[in-house]
Every structure is written in structure tokens, then in C-alpha cells.
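In what follows, a structure is listed as C-alpha cells, so that the remarks can point back to it.
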Amino acid sequence: RLKALLDGWLSEIPAAHPPSSPVRGLISPHIDYQRGGPVYAAVWGAAAEAAQQADLAVIFGTDHYGGEERFSLTRQHYTTPYGLLPTPLELVDKLARAIGAESAFRGELHHRGEHSIELAAVWLHHLRQGRPVETLPVLTGSFASFIQSGADPSQDPAIRSFLETLHSATQGRQVLYVAAADLAHVGPA
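Using our numbering, the first residue of the sequence shown is number 1127, and each one after it goes up by one.
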């Protein structure tokens, strides 16, 4: 039933012009499929080739339960109705060392009930026709402190270290970056 539902939305999207350059990332909604199905289909349909060719997917998801943690990692694998998406444990460990293990795993339990990564992972796995791909799930915390202070997030040592380590560790790989993002989220309420 899930396959038929997602394929149905994909079949309804108008034919798009091929992207002028290879797709390396996308912004995916994380609203329920019934309300967001056509938008998911348009976004993921445009990134279908990149999803199929990726040997690593990095999914940044909004941490609806989190506080000030910049990034919450997990060593747990994500499962979709299509099967397991394995988490690259060596990469997780490198990133945890880069930002400090205590900080990296303080919000790990948030992965258990968080829907933002799960909803994108299902579309990723669907477009891969159930073929697994290493998937790095990263929950991202609030940027409220940057907004309130006027500070530049790109100058934050933890953010810089995380992104530099991610960039270095993924050189030579076919990476698809996914932002499972709320563009106008107002917090846990």
C-alpha cells in the first residue's frame, strides 16, 4: 500500500526539465504524507537520480524535542517499511570526536520518537526501490541563541568542526544531503 501511495504521487508530478547540474541535496518537508504527498513527490522526484546513485545519505532533521544541542547523533540504524538503512558507525564516531561525545549523544534518545528523519528516510528508501544505503541521521537543535544574540552560526566552533569533519570524511563518496526541515517552525508547541 505504501509503494502504491508514493508511486501514485510521483506519477502525478509534471515532467520537469533535468537539473542543469547534478543534484547533491534537497529540502524535504516533514509533514504527514496525506497533506504533503504532492510536495514530497515533487521534491524527491527531482532528486530521484541522486538518491539512486548515492552511496551515503546524510539526513539533517529538525529535533522537535531538543534544546541547545547543535547536533544529536545516534549509532542506531533507521528502519523503514522497505528494510534497514545502516548508519555508518565510523563516520558517526569521527563526528562525535569532532564535537565531543557528550554533546554529540546528549540528545540521542530524541531519535527514538522524532519523525523528521523518518519521513525523509522512507522516501529515500522508496526511490532506491528498497535497496539500502548508508544513512547518517543527524538531528539539529534550535538556532534561537544565534537569532537572539545576532551571532553568525558559521563561526560557531562546534558547527565548523562538525561540517569540516563531515566534508573531509566524505571525500570521494556520492553523498546526498537531505534537510528534513521546518522552514517556519516555532518550537515544541
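Backbone N, C-alpha and C fix where the C-beta goes; we use that ideal spot for every residue, glycine too.
Inset, instruction - Indicate whether residue 1183 and residue 1302 have their beta-carbon atoms separated by less than 8 Å. - result: Residue 1183 places its beta carbon less than 8 Å from that of residue 1302.
Inset, instruction - Keeping to the same chain, check which residues put their C-beta closer than 8 Å to that of residue 1287; ignore five residues upstream and five downstream. - result: In chain order, 1224, 1225 place their CB closer than 8 Å to the CB of residue 1287, counting only its own chain and leaving out the 5 sequence neighbours on each side.
Inset, instruction - Could you tell me whether the segment 1144-1160 touches the segment 1271-1289, using the rule of 3 or more Cβ pairs below 8 Å? - result: The segment 1144-1160 and the segment 1271-1289 do not touch, with fewer than 3 CB-CB distances between them shorter than 8 Å.
Inset, instruction - Say whether the segment 1253-1264 touches the segment 1204-1223, bearing in mind that this needs 3 or more beta-carbon pairs closer than 8 Å, one atom from each stretch. - result: In short, these stretches touch, since the Cβ pair count reaches three.
Legend entry - Where residue 1240 sits in the DSSP three-state scheme: Three-state DSSP puts residue 1240 in coil, outside helix and strand.
Legend entry - From 1207, 1239, 1199, residue whose alpha carbon lies closest to that of residue 1229: Checking every option, the nearest Cα to that of residue 1229 belongs to 1199.
Inset, instruction - Using only alpha-carbon positions, find the residue among 1159, 1129, 1136, 1195 that is nearest to residue 1246. - result: Nearest to residue 1246 by alpha-carbon distance, out of 1159, 1129, 1136, 1195, is 1159.
Legend entry - Residue burial classification, residue 1138 (beta-carbon count within 10 angstroms, cutoff 16): When all chains shown are included, residue 1138 counts as exposed.
Legend entry - Nearest candidate by alpha-carbon position, reference residue 1208, set 1248, 1217, 1134: Of the candidates 1248, 1217, 1134, the one whose C-alpha sits nearest the C-alpha of residue 1208 is 1248.
Legend entry - DSSP state of residue 1106 mapped onto helix, strand, coil: Shown here, the chain extends from 1127 to 1315; a query on residue 1106 therefore has no answer.
Legend entry - Boundaries of the beta strand (DSSP E) in which residue 1154 is found, first to last residue: Segment 1151-1154, the beta strand (DSSP E) holding residue 1154.
Legend entry - Length-filtered (4 minimum) alpha helix (DSSP H) runs lying within the segment 1158-1186: You should have 1159-1172, 1174-1179.
Inset, instruction - Output the residue ranges of the alpha helix (DSSP H) runs that lie fully inside the segment 1263-1287 and measure 4 residues or longer, sorted by chain position. - result: Qualifying alpha helix (DSSP H) stretches, in chain order: 1270-1275.
Legend entry - Sequence-distant residues of the same chain with beta carbon closer than 6 Å to residue 1128, five excluded per side: Only residues of its own chain outside the window of five on either side were considered, and among them 1207 have a CB closer than 6 Å to the CB of residue 1128, listed in chain order.
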